[in-house]
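Counting in the numbering used here, the sequence shown runs from 28 upward without gaps.
A virtual CB, placed ideally from N, CA and C, is assigned to each residue, including glycine.
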Amino acid sequence: MEANRCLHMGDVAVMYAGQIIERGSAEKVIYYPKHPYTKGLIASHPSGAMKPIPGFSPSLIHIPNGCRFHPRCKISHDLCMREEPPLYEAAPGHWVRCNRCLL
């Protein structure tokens, strides 16, 4: 679904490998994305120069330890490989599952 169509929705949730990684109002998630996957997803939209997200989605049979996105993430660090992050409230009504997004 195109990002501009999502703006007409109330809340949206972005999923990666079967897990919600970002949730909030459509406006906050699209215009102020916090999670690296959400940022990459929006940047890969064909409205301009497409920027693909490097790597491949994990097998749902062999989910990586820690953050499910860490093998493809540009800001990943050791904690991301060890611990699955909870959903943090990054801003009122805007939730993100990333240990690094709040720094």
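By Cβ distance, which residues of its chain are closer than 7 Å to Pro112, with the 5 residues on each side in sequence left out?
Cβ within range, chain order: Cys94, Arg124, Cys125 and Asn126.
What number of angstroms, rounded off, separates the C-alpha of His104 from the C-alpha of Met36?
Straight-line Cα distance between these residues: approximately 34 Å.
Under the three-state DSSP convention, the category Gly37 falls into:
coil
For Phe83, the nearest candidate out of Asn92, Pro98, His72 and Ala76 (CA to CA)
Taking the Cα of Phe83 as reference, the smallest distance to any Cα among Asn92, Pro98, His72 and Ala76 is reached at Pro98.
Going by CA-CA distance only, name the one from Trp122, Cys128 and Leu129 that's closest to Val56.
Checked all of Trp122, Cys128 and Leu129; the closest Cα to Val56 is Trp122.
Cβ shell of Leu87 (< 7 Å), same chain only, five flanking positions each side left out
Ala44 and Gly45
Return the CA-CA distance between Met28 and Glu110, expressed in angstroms with no decimal places.
Only weak support is given to the placement of Met28: the predicted model assigns it a pLDDT of 45, under 50, and the question is left unresolved by the model.
Can you find the residues in the same chain that come closer than 6 Å, C-beta to C-beta, to Phe100, ignoring five residues on each side of it along the sequence?
Reading off the sequence, residue 100 comes out as Cys, not Phe. Around Cys100: Pro63.
I'd like the list of long-range same chain contacts for Glu116, defined as Cβ closer than 8 Å, with 5 residues on each side in sequence excluded.
Taking C-beta separations shorter than 8 Å and ignoring five residues to either side along the sequence, the partners of Glu116 in its chain run Trp122, following chain order.
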